[in-house]
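According to numbering that gives the first Met the number 0, the sequence shown holds residues 0 to 679 in order. All residues carry an ideal CB built from backbone N, CA and C; glycine is no exception. These numbers were taken from a predicted model, which means no experiment stands behind them. Structure, as structure tokens:
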Amino acid sequence: MMTKTFATGCTEVVIEPSQRDTGAYFVAAIRFKLGDTWRTVLKGEEGREFDTSLGSVNAVLLHSARNDRGDWQISLSGKHPDGAWDATETITIFAGQPMVRREKTFRFLTPCEGAVASSFFVLDGEDIRYTFPLRTYDTRFKDTPAIRADVNWALPLPFHVWHGDGWVAIYGLDKRQSQGTLDYQPPARHQAARLGVYYPDAVAQPEDMAQQMYRLPLSPSTAQFEAGESVSLVEVIAFSPLAPGEEPLLRGEKLAAEILLADAPARIGVKAVADGIADFYPRCELWRPNAFGEGHGWFSNMWVFTQGGEPRNTGFMSGYFDLGWGEGIAVEIVTALTRHWRRTGRTDLLTYVDEITRNMARFRRSGDDEGAAAYYDRSNGQAFFDFNGHDHIWTHSLGHIGAQLIQAYIDNPAYPRPEIRAEWLKVAASCAAFLAQQQRENGDVPDLLDRDNHDINTTNRRAAARAVICGLWTALAQITNKRSYLDRALRLAHAVAPEIEAYTFNNQMIDAQTAPCAVTDGESAFYVLEGLVPLYEATKDEMVLHLCERAAAFGISWIYFFDVPRAYRGIARGGQVCRMPDFPLLFPGGTAKGVEPLLRLSKATGDRFYEQMAGEMVVFISNYQIDQPDKPWHGGIVHAMDQSAGKHWGPGKLGQVDSGMSTGNSLAALEYWLLTSHIA
């Protein structure tokens, strides 16, 4: 028997005869053409064409044919020597497209406990960098520990992504049809790293929050199989050259989208969802007309125990009043309700906007100058503090407060009460001036300030989300014609650049302040985009664009490209994972945060992929609207979902519905989508 090479113009699959089993074969290599050179990106291993924990074998049958399009189809089969299972596979090599598809089916013939897998060795080099979404980004194979993900908790982008000089490759699963998860095994003695897929793909995770806090999810190991039970793995390997300066992960995501997102998601009426969220506000019983004394109203942060126990909207995590970071984040409510007014002409909800605006000054830190002040995130009606109850100022949250308010000022020139609109600019300018006072000679700003404006972040885990301040400063420069603010924004972008380049998006989640480890989240990348996209729009600076692309690639890698069964209504596609390592929930609030900056980045660059992903996110958000007509939270948005256990996030995983973080953010995102002439 001889080596068989099946080739199209851009792809080769090499199948070699076994050196030890007569009449047997295995896939020895997969190659793609880069310019005039063939590059081997994956290598197979003799004896593991069909691989299980019960034993592995080569293929014993080989049939090949080419269709009218020029696609190759190659069929192989194999059987466990002791009769535990048999297996088949079909390999498709696409003509004119650098992509290989391999469909394997294992059929168990006797009851057993075990696992099935499929894998390749990956060739290494000094320039090769590897990404396993959520777990490691742009690392060397030798520096990456073994990883096997639970697809529910979490594997939003089911592809290994690795790249070298001028190219990127992806290998993973077509989760529209396939079982399985990703598996990575680091280099061992005399062996290269191994990229693979694996089944079982999920495992029962601890459901108690205390058992999950700051810990990595459990990894799948083995499963019980009955006689006659089958497992199918549908693998895809794709390859692309990179243009000079092109972001590799972003190109890899585009390849994945061409596979997994080729069919548009089933849309529901976005206008109807947005109108339903707007109706939530007068119904939700979270408005406190006397929050800060007679006639001084604000929205309470949330309902808790909405899916079990006794629902309550005061006490035990509820009953707080948030201007900034918190479940009731009021600046997002202002953005949402003013956008809804602009689209519909509905004015009754502006009463809430006006009252919130009149009371914003209460959050200004005492002793600060009115023209350059810090503003607290949260209050209980008497005292003011950050989300954790401390006398601290988080600069990324303060920058976000200012950025939202100045955007409201820009977007609403015809607001019915000019004095309210003027207050948005006044508070935003005060935040901007205060943050300018904190800017260091190197252009950076601190993360976390005490009462004396000392930086008290003593860890080396910086909050890349502070780049949101760039958006505030950029907008203020445009309104006031003060070039100095634009210069400040560029200097801050340069200061944050090393973190963005290294994909270190830590510490945006203020509730993880005391974590003993790095807590990373995809929403942080969207905070960065909220700051850097306006800066790019204003300057067309190529360095800023590169950082936008890098942040977008990171944020998108946290978006589910497929559905999982225990998500809310079975829908995960388009939803962002909350944070790692401990709570990779599906989080509508973080999802919503990305819609506007991705749409603006799409418009600024002409790259429709950002718009496509924003559309996926809009559909996800729309499906997470709560339909409980007999409850005051009807029409609100699920705060977050434990899609592994099928439980709503909240105390005891018994549910919570907020006024701002997910509900307000979602309305703001949907209204932006509608106001920019997208599908309703």
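* Asked: When you compare only the Cα positions, how much space is there between Ser229 and Phe105?
  -> To locate residue 229, count along the sequence shown from 1; it is residue 230. To locate residue 105, count along the sequence shown from 1; it is residue 106. The straight-line gap from Cα to Cα measures roughly 5 Å.
* To do: Report the partner residues of Phe386 according to the DSSP bridge assignment.
  => Position 387 of the sequence shown, counted from the first residue, corresponds to residue 386. Answer is none; Phe386 lacks a bridge partner.
* **Counted within 10 angstroms of its Cβ, other Cβ atoms place Lys141 as buried (16 or more) or exposed** => Taking the sequence shown and counting its residues from 1, one reaches residue 141 at position 142. So Lys141 ends up on the exposed side.
* **Cβ contact (3+ pairs, closer than 8 Å) linking the segment 543 to 558 and the segment 239 to 254** => yes
* Using the C-alpha atoms, what's the distance from Tyr319 back to Asp390? -> Position 391 of the sequence shown, counted from the first residue, corresponds to residue 390. Position 320 of the sequence shown, counted from the first residue, corresponds to residue 319. The straight-line gap from Cα to Cα measures roughly 16 Å.
* Measure the C-alpha to C-alpha separation of Trp71 and Asp262 and round it to an integer number of angstroms. => Walking along the sequence shown from the start, residue 71 turns up at place 72. Walking along the sequence shown from the start, residue 262 turns up at place 263. Going from the Cα of Trp71 to the Cα of Asp262 covers about 24 Å.
* Asked: Secondary structure at Ala542, three-state DSSP: helix, strand or coil?
  -> Position 543 of the sequence shown holds residue 542. One point to set straight first is that residue 542 is Met, not Ala, in the sequence displayed. Here Met542 sits in helix by DSSP.
* **Ser118, enclosing alpha helix (DSSP H) - first and last residue** => Numbered from 1 along the sequence shown, position 119 holds the residue referred to as residue 118. No alpha helix (DSSP H) holds Ser118; the beta strand (DSSP E) holding it covers Val115 to Val121.
* **Beta-carbon proximity check, Gly649 vs Val303, cutoff 7 Å** => The residue labelled residue 649 in the question sits at position 650 within the sequence shown. The residue labelled residue 303 in the question sits at position 304 within the sequence shown. Yes, Cβ-Cβ distance for Gly649 and Val303 is below 7 Å.
* Asked: Of all the CB atoms in chain C, is at least one closer than 7 Å to the CB of Lys78?
  -> No chain C appears in this structure, which consists of one protein chain only.
* For Ile332, collect the residues of the same chain with a Cβ closer than 6 Å to its Cβ; drop the 5 residues on either side in sequence, then sort them by chain order. => Counting from one through the sequence shown, the residue named residue 332 turns up at place 333. Within the same chain, Ile332 has close Cβ partners Gly659 and Gly663.
* Asked: What are the residues that DSSP puts in a beta bridge with Tyr197?
  -> Along the sequence shown, one-based indexing puts residue 197 at 198. Note: Tyr197 sits in a beta bridge opposite Ala116 and Thr180.
* Asked: Looking only at its own chain, which residues have a Cβ that is under 7 Å from the Cβ of Pro205, when we skip the five neighbours before and after it?
  -> Counting from one through the sequence shown, the residue named residue 205 turns up at place 206. So the qualifying residues of the chain are Gln211.
* Give the secondary structure of Lys630 by DSSP, where H, G and I count as helix, E and B as strand, and everything else as coil. => Your numbering for residue 630 matches position 631 in the sequence shown. In this structure, Lys630 counts as coil in the three-state DSSP scheme.
* To do: In the DSSP assignment, find the beta strand (DSSP E) that holds Leu666 and state where it starts and stops.
  => Within the sequence shown, residue 666 is the residue found at index 667, counting from 1. Taken as a continuous stretch (DSSP letters only), Leu666 belongs to no beta strand (DSSP E), being part of the alpha helix (DSSP H) at Thr662 to Leu674.
* To do: Since I believe Gly171 is in contact with Pro157 (beta carbons under 8 Å), could you give me their beta-carbon distance rounded to a whole number of angstroms?
  => In the sequence shown, the residue the question calls residue 157 occupies position 158. In the sequence shown, the residue the question calls residue 171 occupies position 172. That belief holds up - the Cβ atoms of Pro157 and Gly171 are roughly 5 Å apart, short of 8 Å.
* Using only alpha-carbon positions, find the residue among Phe238, Ala501, Ser63 and Ala514 that is nearest to Thr458. => By 1-based counting over the sequence shown, the position of residue 458 is 459. Residue Ala514 is the option with its Cα nearest to Thr458.
* Are there 16 or more other CB atoms within 10 angstroms of the CB of Pro155, so buried, or fewer, so exposed? -> What you label residue 155 is simply residue 156 of the sequence shown in a count that begins at 1. In summary, Pro155 is buried, with 16 or more beta-carbon neighbours lying within 10 Å of its beta-carbon over all protein chains present.
* Asked: Is Gly34 near Ala116, with beta carbons less than 7 Å apart?
  -> By one-based count along the sequence shown, residue 34 stands at place 35. By one-based count along the sequence shown, residue 116 stands at place 117. No, they are not a contact pair.
* Backbone secondary structure at Met316 - three-state DSSP -> The sequence position of residue 316 within the sequence shown is 317, counting from 1. In this structure, Met316 counts as coil in the three-state DSSP scheme.
* Asked: Are the CB atoms of Met579 and Thr675 nearer to each other than 7 Å?
  -> The residue you call residue 579 lines up with position 580 of the sequence shown. The residue you call residue 675 lines up with position 676 of the sequence shown. Not in contact: Met579 and Thr675 (Cβ atoms no closer than 7 Å).
* Endpoints, the beta strand (DSSP E) within which Pro16 is located -> Start at 1 with the first residue of the sequence shown, and residue 16 comes out as number 17. Segment Thr10 to Pro16, the beta strand (DSSP E) holding Pro16.
* Alpha carbon to alpha carbon, what distance is there between Ala168 and Gly124? -> The sequence position of residue 124 within the sequence shown is 125, counting from 1. The sequence position of residue 168 within the sequence shown is 169, counting from 1. The straight-line gap from Cα to Cα measures roughly 14 Å.
* Asked: At which residues does the beta strand (DSSP E) containing Glu309 begin and terminate?
  -> Position 310 of the sequence shown, counted from the first residue, corresponds to residue 309. Where Glu309 is concerned, there is no enclosing beta strand (DSSP E), given that its DSSP letter is neither H nor E.
* Best match in Ala83, Met301 and Phe608 for proximity to Phe107 [C-alpha to C-alpha] -> The count along the sequence shown starts at 1 and reaches residue 107 at position 108. The residue from Ala83, Met301 and Phe608 with its alpha-carbon nearest to that of Phe107 is Ala83.
* Going by DSSP, which residues form a beta bridge with Glu88? -> Locating residue 88 in the sequence shown gives position 89, counting from the first residue. According to DSSP, which records beta bridges pairwise, Glu88 is partnered with Leu75 and Lys103.
* Tell me Gly163's beta-bridge partners as DSSP assigns them. => Taking the first residue of the sequence shown as position 1, residue 163 is located at position 164. Note: Gly163 sits in a beta bridge opposite Trp166.
* **Coarse secondary structure for Ser621, derived from DSSP in three states** => Translated into the one-based positions of the sequence shown, residue 621 becomes position 622. Helix at Ser621.
* Helix, strand or coil at Met616 [DSSP, three-state] -> The residue labelled residue 616 in the question sits at position 617 within the sequence shown. DSSP places Met616 in helix when its eight states are reduced to three.
* So who's on the other strand from Trp302, going by DSSP bridges? -> One-based indexing of the sequence shown puts residue 302 at position 303. Note: Trp302 sits in a beta bridge opposite Val656.
* Asked: Okay, do the segment 666 to 675 and the segment 610 to 619 touch, 3+ Cβ pairs below 8 Å being the bar?
  -> yes
* **Residue ranges of each alpha helix (DSSP H) within the segment 526 to 590, 4 or longer** => 541 to 555
* Can you give the Cα-Cα distance for Pro587 and Arg311, rounded to whole angstroms? -> Taking the sequence shown and counting its residues from 1, one reaches residue 587 at position 588. Taking the sequence shown and counting its residues from 1, one reaches residue 311 at position 312. Approximately 22 Å between the Cα atoms of the pair.
* To which residues of the same chain is Leu424 closer than 6 Å at the C-beta, ignoring the five residues directly before and after it? -> Position 425 of the sequence shown holds residue 424. Cβ neighbours of Leu424 beyond the five flanking positions: Tyr408.
* To do: State the CB to CB distance for the pair Leu584 and Ala566, rounded to an integer number of angstroms; the pair is presumed to be in contact (CB under 8 Å).
  => Working through the sequence shown from its first residue, we reach residue 584 at position 585. Working through the sequence shown from its first residue, we reach residue 566 at position 567. With 8 Å as the limit, Leu584 and Ala566 do not qualify as a contact, their Cβ atoms being about 10 Å apart.
* Buried or exposed by the 16-neighbour rule on C-beta atoms within 10 Å, applied to Met1 -> For the purposes of this step, residue 1 is identified with residue 2 of the sequence shown, where counting begins at 1. Classification for Met1: exposed.
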